[in-house]
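Counting from 1, position 25 in the sequence shown corresponds to residue 25 in full-length UniProt numbering; the numbering is continuous, with no gaps.
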Amino acid sequence: MRAAQDVRVAGAAVLTPYVQQAAEGTIVVLQHAGGAKGKALLETARKAKALEIGCAKLTRADDRADFVRHEIRRAGGRIGGEALSVLMDAVGSDLRELAGVAGQLVSDAGGGEVGLDLVRRFHKGKAEVSGFAVSDLAVVGRSGPALEALRHALAIGVPYVVIADALADGVRSVARVWSAGRGSEYDLAKRLGMPPWKVKRARSQGRDWSETGLRQALGVVATLNADVKGQAVDPAYALEHAVRRIGAARADR
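As C-alpha cells, this is what we get:
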C-alpha cells in the first residue's frame with residue numbers, strides 16, 4: 001500500500017489485522033512517508049516485527065544520478081554522463097519513474113550501452129521542452145530556439161519556477177567552471193563539487209563568455225528568481241526577457 005500515512009482511521013482498522021498477522025503466502029508492504037501522520041499503522045507494523053527499510057529522500061541531483069546509474073547497472077547496462085544528463089532532464093526527480101525508464105532503456109539497448117541517441121528517441125519531445133533544454137540553448141547564445149523551446153514548455157504546463165531554476169543552474173554552472181581556470185574535468189569536478197560530465201558541458205558552453213557578460217547573466221537569473229515567485233506581473237514575459245538578456249550578456253565581450 002502506497003502513501004500509508006494517508007489511510008483514514010476506518011481503513012487503518014481494516015488493515016491492522018493483516019499487518020499484525022498476514023495470511024500464509026501473503027506479503028503486506030506499506031509505504032509510509034514518515035512523520036506523525038498515520039503513525040499508528042506504522043507503529044503496529046513495527047510491533048509486529050515487520051522488516052523496515054528506510055529510504056531517505058534524495059534531494060541532490062548527484063544522488064539521483066547515482067541512483068539511476070545503479071538501476072541501469074542492476075539491469076545489466078551502462079550509461080555515459082551526457083546521456084544520463086538528458087535522461088534526468090527529461091524524466092525529472094520521481095525515483096519510481098526514473099527506475100522504470102532505466103530498466104526500459106537497458107532493455108531497448110539489448111543490455112549494453114544506453115547511448116545519447118537512444119535516450120533522445122525514447123523521450124522525443126519531452127526532453128526538448130524541459131527547462132534544461134531552454135537553459136542549454138540560452139547559455140550558448142541561441143536565443144531564438146531558446147524562446148521557441150520556452151514557449152513550447154509553457155504551453156504544455158512546465159512551471160515558471162522550474163524553467164527559472166534551470167536557467168539559473170545553467171548560468172551558474174558556466175560561471176563556476178569559467179572562473180575555476182585550467183584543470184582536467186575530473187580535477188575541476190572534485191574542486192567544484194560537480195559531476196565531470198557537467199563540468200565538461202559547462203566548459204563547452206562557456207567558451208565565448210566574458211567576465212562582464214557572466215556577471216550580467218548572474219544578475220539576470222537572480223532577478224528572474226524573484227520575478228517568477230511573485231514580483232513580476234507576467235512571469236512568462238519575465239522568462240522571455242531573461243532569455244533575451246542572457247543572450248545579450250553572452251555577446252558582451
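Beta carbons are placed, not taken as given, at the ideal position from N, Cα and C, and that holds for glycine.
Measure the CB-CB distance between residue i and residue j and report whether it falls below 8 Å.
i, j, result
"alanine 217", "alanine 249", "yes"
"glycine 131", "alanine 166", "yes"
"threonine 3", "alanine 33", "According to the sequence provided, residue 3 is alanine. The question's threonine does not apply to it. Taking 8 Å as the Cβ cut-off, alanine 3 and alanine 33 qualify as a contacting pair."
"threonine 44", "threonine 26", "no"
"leucine 116", "valine 86", "yes"
"leucine 192", "arginine 176", "yes"
"valine 19", "leucine 51", "no"
Could you tell me which residues DSSP puts in a beta bridge with residue i?
i, result
"residue 277", "The structure shown does not extend to residue 277, since the chain is modelled only from 1 to 253, so the question has no answer here."
Out of the options, which has the shortest C-alpha to C-alpha gap to residue i?
i, options, result
"threonine 212", "Glu185, Ile246, Leu224", "Ile246"
"serine 135", "His32, Val171, Gly144, Ala48", "Val171"
"tyrosine 160", "Leu188, Leu58, Phe122, Gln231", "Gln231"
"glycine 110", "Ser93, Asp94, Arg73", "Arg73"
"leucine 30", "Phe67, Gln5, Trp209, Trp178", "Gln5"
"alanine 180", "Leu95, Ala164, Val68, Val199", "Val199"
"serine 107", "Asp94, Ser93, Ile79", "Ile79"
So, helix, strand or coil for residue i, using DSSP?
i, result
"aspartate 108", "helix"
"arginine 244", "helix"
"serine 184", "coil"
"alanine 36", "coil"
"tryptophan 209", "coil"
"methionine 1", "coil"
"alanine 23", "coil"
"residue 254", "Nothing can be reported for residue 254, as the shown portion of the chain is limited to 1 through 253."
"glutamate 128", "Any answer about glutamate 128 is weak, because its pLDDT of 49 lies below 50 and its placement is not dependable; what the coordinates show is given next. DSSP places glutamate 128 in helix when its eight states are reduced to three."
"lysine 229", "helix"
Should residue i be labelled buried (16 or more other beta-carbon atoms within 10 Å of its own) or exposed?
i, result
"leucine 239", "buried"
"leucine 84", "buried"
"glycine 77", "buried"
"histidine 70", "exposed"
"glutamate 185", "buried"
"lysine 229", "exposed"
"alanine 56", "exposed"
"arginine 90", "The identity of residue 90 in the sequence shown is alanine, whereas the question assumes arginine. The residue is buried, with at least 16 neighbouring Cβ atoms inside 10 Å."
"serine 143", "buried"
"valine 119", "buried"
"glycine 112", "exposed"
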